[in-house]
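J.:
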Amino acid sequence: MNKLFENYAAFIVARRRWVIAAIIIMTGLLGSRLMNLQVDMDQDTWVPQSHPFVKTTKALEKMFGGREIIMIGIAPKDGDIFQPEVLARVDRIQREIENMPEAIRHNVISLAANKVKDIKGDAEGLAVQPMMAAVPSTHAQMAELKARVQRNAIYTNSLVSPDYKAAAVIADFKLDYTKPSYEPLMKKIDAILERERSAGIAVYRAGLPVDFGSFEHNMMQMPMYFGVALLIIMAIQYFSFRSFQGMLLPIVTALMSVVWALGFMGLMGVHMDGLNTTTPILIMAVAAGHSIQILKRYYEDFNQLRAAEPLSDRKWLSQRAVVACMGHVGPIVGTASVIAIITFYTLTRSEVSASSHFGFFAGSGVLATLILEMTLIPALRASLPAPKLRETESEQKTGILDRMLGALARGLSGGSAGAILAAGIALVAVIGAGVMFINVDNSLKNFSRPDSLVRTDDDAMNKLFGGTNTVFFLVEGLNDDTIKDPKVLKGMEALQDYLVTQPHVGKAMSIVDIVKRLNMSMHGDDPAFNTIPDDPKLVAQYLFMYSLSGGPQDFSSYVDTGYKRAAMWVFVKTDSTTYATELHGKVQAIIADKFPPTVTVRMGGSLAQTVAGNEALTKDKWGSVWQMMAVVFILSSLALRSLIGGIFVTLPLAIVVFANFGVMGWLGIPLDMGTMTTAAMAIGIGADYELYLLFRFKEELARTSNSYEATRKSLVTSGKAVIYVALSIAAGYSFLLTSGFAFYTRLAVMVIATMMVSGFVAVIFLRAMTMVFKPKFIYGSASRPDSVPSNVVQLEKQA
Amino acid sequence: MKARSLSLSLLGLMLASAGAFGAELSADKIMEKNFFASKVRTLEKNVTLTLADAQGGTRERRLHAISALTPNGIDSRLLVRIVAPADVKGIGFLKHEHLDGEDDQWIFLPALHKSRRLVSNNKKDSFMGTDFSYGDILTPKASLYQNKLVGSETIDGIDCFVIESTATDDKVRREYDYAKKVQWIAKSSFHEVKIDYYDLSGKLLKTQHVKGITLMDKENDRWAAGTREMVNHQTKHKSTFLANSAKAGIAIPETTFSLRNLESE
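So the sequences go chain by chain: A and B.
The opening position of the first sequence corresponds to residue 0 in numbering that gives the first Met the number 0, with each subsequent residue numbered one higher.
The opening position of the second sequence corresponds to residue 0 in numbering that gives the first Met the number 0, with each subsequent residue numbered one higher.
#1: Does DSSP put A/K515 in a helix, a strand or coil?
#2: Looking only at DSSP bridge pairs, what is B/H236 linked to?
#3: I'd like the list of long-range same chain contacts for A/M460, defined as Cβ closer than 7 Å, with 5 residues on each side in sequence excluded.
#4: Note down, one range per segment and in chain order, each beta strand (DSSP E) of at least 3 residues found wholly within the segment 128 to 187 of chain B.
#5: In chain order, what residues of the same chain lie with their CB nearer than 8 Å to the CB of A/T276, ignoring the 5 residues before and after it?
#6: Run through chain B and tell me which residues come within less than 7 Å of A/E475, C-beta to C-beta.
#7: Helix, strand or coil for A/M602? Go by DSSP, reduced to three states.
#8: Using only the alpha-carbon positions, how far apart do B/T69 and A/L517 sit?
#9: Could you work out which residues of chain B lie near A/K483, taking near to mean beta carbons separated by less than 9 Å?
#10: For B/A110, which residues in chain A fall below 7 Å Cβ to Cβ?
#11: Taking CB distances under 8 Å as the criterion, tell me whether B/F92 reaches chain A.
#12: Do you know whose CA, among A/I24, A/M770, A/Y163 and A/I103, lies nearest A/G465's CA?
#13: Where does B/L214 sit, in a helix, a strand or coil, going by DSSP?
#14: Which residue from A/F211, A/A74, A/N441 and A/S160 puts its Cα closest to that of A/L616?
#15: Kindly indicate the opening and closing residues of the beta strand (DSSP E) around B/V46.
#16: Please classify A/A381 as buried or exposed, where buried requires at least 16 other C-beta atoms within 10 Å of its C-beta.
#17: When the Cα atoms are used, what is the spatial distance from B/Y177 to A/T573?
#18: Nearest chain B C-beta to A/L547 closer than 8 Å, yes or no?
#19: Would a check of beta-carbon distances place A/R104 closer than 8 Å to chain B?
#20: Using the beta-carbon count (16 or more within 10 Å), is A/A190 buried or exposed?
#21: Taking any Cβ of chain A, which residues in the segment 38 to 62 of chain B have a Cβ under 8 Å from it, in chain order?
#22: Taking only heavy atoms of the ligand GTP into account, decide whether any of them is closer than 7 Å to the Cβ of A/A146.
#23: Write down every uninterrupted run of the alpha helix (DSSP H) in the segment 736 to 764 of chain A whose length is 4 residues or greater and which is fully enclosed by it, in chain order.
#24: Which term fits B/G55, buried or exposed, when burial requires 16 or more other beta carbons within 10 angstroms of its beta carbon?
#25: Near A/F660, which residues of its chain fall below 6 Å by C-beta distance, leaving aside the five closest residues on each side in sequence?
#26: What beta strand (DSSP E) runs, 3 residues minimum, are completely inside the segment 646 to 714 of chain A?
#27: Please classify A/Y176 as buried or exposed, where buried requires at least 16 neighbouring CB atoms within 10 angstroms.
#28: With distances taken Cα to Cα, identify the nearest neighbour of A/S623 among A/W665, A/K506, A/G423 and A/G358.
#29: Within the continuous beta strand (DSSP E) that includes B/K94, where are the two ends?
#30: Who are the Cβ neighbours of A/V332 in its own chain at under 8 Å, not counting the five residues just before and after it?
#31: Between the segment 164 to 185 of chain B and chain A, which residues of the former have a C-beta closer than 8 Å to a C-beta of the latter?
#32: For the segment 117 to 148 of chain B, list every residue whose C-beta sits within 9 Å of some C-beta in chain A, in sequence order.
#33: From the beta carbon of B/T234, is the nearest beta carbon of chain A less than 8 Å away?
#34: For A/F63, tell me which candidate among A/K515, A/V662, A/L765 and A/Q552 has the shortest Cα-Cα distance.
#35: Hey, would you say A/A658 sits closer than 8 Å to A/G431, going by beta carbons?
#36: Can you list, in chain order, the residues of the segment 207 to 228 of chain A whose Cβ is nearer than 7 Å to any Cβ on chain B?
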């Protein structure tokens, strides 16, 4: 295998100019596809499309709207909403939002909306009139408006708070779903709201577009985070090689890998979404990591060649060192990369697009990295001048890290391996125990920090109104006019009455409220008639009667044109998915008991979709982890030609994943789309670490026949490089800690923790495992002394 | 040279024609004629009303309508009785129009055996739950809009004046909910053939298409539409009134438009 790679490297080195030219052309071609890359903020990318809750939500959205609902609260600091300056704001916000091209005009409602009617009855007549045709300017008009609001309870908790301390504008929007973008929409809305804020009047906003707008805003900061990550990784590379050339080559490879992967995404029409915004940092770090391993080995081989042939031409020696180093590390880079590529590509099977896109992007990124490392690095390194003496000396200079690794090697070889392994297992067990406390939560709202405007406004709206989280029930019959059937309406009434008694449910609305209100109005506003009539014809006639004054779209949020389907809107103050799942379970008995058997009642809405996202995440979590483990086991067994070898690579990775979830549990970091990817990252990148160290250990053991020497050498070469790689990735992500966006900070914490655990497991745990079990695939059948040679101990002490 | 002089002659002719229109029929005059064009003294119609939503769902209702002009020649009395579907059959709707005041409206619900006065007099409110507003059905006075003749165009084979009507003030804008209307008025009958309605932000809101315009009262030059279709471009909702039969000039007793008659099932 090594010879094969040497021959291959010699071929590349001989044609290095052509190779560089081809890479430049390829980079140009893929770079030109960057323009095709589409940023995708579509809500659908976060949820599994086949989940019943998601299907119901889509059906509801198609029939009744409500996909992009923003709730705006207008709250005076003193007094109630019945003040001209408050109501004028409601009126202005209503008109300005209605006139936005993105607004679904008939689905923008407030006290000032033409669609929002006051239904009033007396012995003689029925009045159905706009709630607030104009802002009241006299005390009498204001009193009249207050009376109107009080007698139409349907609007309490939705358009007005129960204590009348706040009024709301609820607006539905339609985006261009070929390229959905929330930030421009939110900028327009915020500009309108900013004009209405004053010292005495607070204006809040909440809803999915607000959450997505915030996400998109933070997503757009990513080029800045990427730039800083690049600088951090460059600094670590410089620290690692102590030379400009040593730093430059990995960075060029890393940047080109990102361009290739992004260009490939553009070419294949795969969209860039919120989850993928941090993936360029991952690709850059992985590429830089492999490059470090290759170049570290190059310097090592160059120094050996130079020592053996001091009079030879340095450029010629450099080219031979390139060939030699590719022979040494090429098979490992190839195997490790193929494992990572397949691991990431297995995620493309996920039904959640964001997760699938991440798998495609990360997999393509590692593939680009592999191609560039196998072509550009040898070609470019062979073209560059040979390293100067000063450069190789400073690269070889040992520091505190070398001394620590040397001490570790002594500990491992001096009989402490068993104790180190036991301590490692105990430590991992303690960390892993955190898995019991893990919380699956993919709530978009919680991607923002508790002190962010998104969350504080949301909290304020939840306190004032029925709730900013929506659950819908889709009631569906077999034929037109099913919903006019009093049996169905009474079933809906029972469900609605039950829901409003549940904790956290602030409001439930449906056509039932309108029918009851009309019945009462036609009986002189007698509360005894606040009921569903038993006569189906009377229900139909009430609804027709309303239509004489109302608009054709007045009930469009509640029933379809044929009255075959109805939507019940439920506003909930919590976004707990556990709560939503329990609620779904509780209402089943009422649905079975109170509705005719031909009628189906299904749940959907933003909160239900979050439940669906979480379920997919949990299912995906274990499914993809097992798949990835299997891939790692098979490929590493093949690469090491040993099933035990496969276990030696896979077991530490399982430990890393276990610890990864444990860290989430202990730190209270929820498992979401972002943190979930760190498990994939732990496996994809962790396998690299294991393989580099195992291969190097095997190579050194074959060369020295001494376990200590093999341990020491593998640690100060590959182990040191592993530490630099883990440090690069962790440091690259660390700047995200300053982002102020919880989704990114949580991801950064998890990447840092994962890299620390991966590094620890590869450098210490795996080494201890090797020393304790002495597997045949490494040791062969001959016995190898573990002892630390006395001269080495002496020399190290002197050092 | 010859071609050029011919072009100039045609241009001259066109300008002269335009001048003649301007001199003989101003935009206001056209709209005044339009205001009266559909005011038939007495009319009995059987109508099918179809409502269609953006998802393709449709609802159909059949109505029987009788109307008569009051002596002032402007206001109407209107009685509508629902014929189908069965669950709303027998519902009656009575309306006494008052151009300069609030209309009187009553509804009779057979399932309740009661009639009720309806208090709703907003021109922008929907007419019977359709995409037509009361203001679309009861043509507003020409003086409420600044009318401008912007050209001529043939619509569905009918030669029309094109009139752009802009609300004179904010009150009219808020009352009717339109900033502007563009109306295609038939040169022969002065009946509207097409109207584009623009909302207060200036966006196209609705379009009404009128077909089957028939002369009902030759003596007074009054016409009636066979079909009126209104499409709301923003909600994608559509309402169509199709007259299956229409009779004009019939004798209708005044008691037809009484509350007692409304309540007779």
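Idealized CB from N, CA, C, for every residue including glycine.
T.: So, to answer that:
#1: To locate residue 515 of chain A, count along the first sequence from 1; it is residue 516. Three-state DSSP puts A/K515 in a helix.
#2: Counted from its first residue, the second sequence places residue 236 of chain B at position 237. Answer is B/N231.
#3: Residue mapping note: residue 460 of chain A aligns to position 461 of the first sequence, counting from 1. Around A/M460: M70, G72, Y203, A205 and T467.
#4: 144 to 154, 157 to 166 and 179 to 185
#5: For the purposes of this step, residue 276 of chain A is taken as the residue at position 277 of the first sequence. Only M218 and M221 meet the Cβ criterion.
#6: Counted from its first residue, the first sequence places residue 475 of chain A at position 476. Here the premise fails: no neighbours, minimum Cβ distance about 13 Å.
#7: As a position in the first sequence, residue 602 of chain A is number 603, starting the count at 1. Of the three classes helix, strand and coil, the one that applies to A/M602 here is strand, per DSSP.
#8: For the purposes of this step, residue 69 of chain B is identified with residue 70 of the second sequence, where counting begins at 1. For the purposes of this step, residue 517 of chain A is identified with residue 518 of the first sequence, where counting begins at 1. When rounded, the distance between both Cα atoms is 33 Å.
#9: What you label residue 483 of chain A is simply residue 484 of the first sequence in a count that begins at 1. Ordered by position in chain B, the residues that pass the 9 Å Cβ test against A/K483 are D86.
#10: For the purposes of this step, residue 110 of chain B is identified with residue 111 of the second sequence, where counting begins at 1. Near B/A110 (Cβ distances below 7 Å), the residues of chain A are D534, K536, L537 and Q540.
#11: For the purposes of this step, residue 92 of chain B is taken as residue 93 along the second sequence, with counting starting at 1. Cβ-Cβ to chain A under 8 Å: yes for B/F92.
#12: For the purposes of this step, residue 465 of chain A is taken as residue 466 along the first sequence, with counting starting at 1. Here the closest residue by C-alpha is A/Y163.
#13: Along the second sequence, one-based indexing puts residue 214 of chain B at 215. Three-state DSSP puts B/L214 in a strand.
#14: Reading the first sequence from its first residue, position 617 is the one you call residue 616 of chain A. Checked all of A/F211, A/A74, A/N441 and A/S160; the closest Cα to A/L616 is A/N441.
#15: Counting from one through the second sequence, the residue named residue 46 of chain B turns up at place 47. Element bounds for B/V46: T41 to A51.
#16: Residue numbering aside, residue 381 of chain A sits at position 382 when the first sequence is read from its first letter. Under this definition A/A381 is a buried residue.
#17: In the second sequence, counting from the first residue as 1, residue 177 of chain B sits at position 178. In the first sequence, counting from the first residue as 1, residue 573 of chain A sits at position 574. If you take the alpha carbons of B/Y177 and A/T573, they lie about 42 Å apart.
#18: Walking along the first sequence from the start, residue 547 of chain A turns up at place 548. At least one chain B Cβ lies under 8 Å of A/L547.
#19: Taking the first residue of the first sequence as position 1, residue 104 of chain A is located at position 105. A/R104 counts as touching chain B.
#20: If you number the first sequence from 1, residue 190 of chain A lands on position 191. When all chains shown are included, A/A190 counts as exposed.
#21: L50, A51, D52, Q54, G56, T57 and R58
#22: As for the ligand GTP, it is missing from this structure, which has no ligand bound.
#23: 741 to 759
#24: In the second sequence, counting from the first residue as 1, residue 55 of chain B sits at position 56. Exposed, because fewer than 16 other Cβ atoms sit within 10 Å of the Cβ of B/G55.
#25: As a working note, residue 660 of chain A is residue 661 in the first sequence. Result list for A/F660: V434 and I437, in chain order.
#26: none
#27: As a position in the first sequence, residue 176 of chain A is number 177, starting the count at 1. Per the 10 Å Cβ criterion, exposed.
#28: Against the first sequence, residue 623 of chain A aligns to sequence position 624. Out of A/W665, A/K506, A/G423 and A/G358, A/G358 has the C-alpha closest to the C-alpha of A/S623.
#29: By 1-based counting over the second sequence, the position of residue 94 of chain B is 95. It spans G91 to H95 - the beta strand (DSSP E) in which B/K94 sits, taken as one unbroken run.
#30: Here residue 332 of chain A refers to the residue found at position 333 of the first sequence. Counting only Cβ-Cβ distances below 8 Å, and skipping sequence neighbours, we find H289, Q292, I293, L369, E372 and M373.
#31: R173 and D176
#32: L117, V118, S119, N120, N121, K123, D124, S125, F126, M127, G128, T129, D130 and S132
#33: Stepping through the second sequence from its first residue, residue 234 of chain B is reached at position 235. Yes, because at least one Cβ of chain A sits closer than 8 Å to the Cβ of B/T234.
#34: Translated into the one-based positions of the first sequence, residue 63 of chain A becomes position 64. Ranking the options by Cα distance to A/F63, first place goes to A/Q552.
#35: Counted from its first residue, the first sequence places residue 658 of chain A at position 659. Counted from its first residue, the first sequence places residue 431 of chain A at position 432. Yes, the Cβ-Cβ distance between A/A658 and A/G431 is below 8 Å.
#36: none
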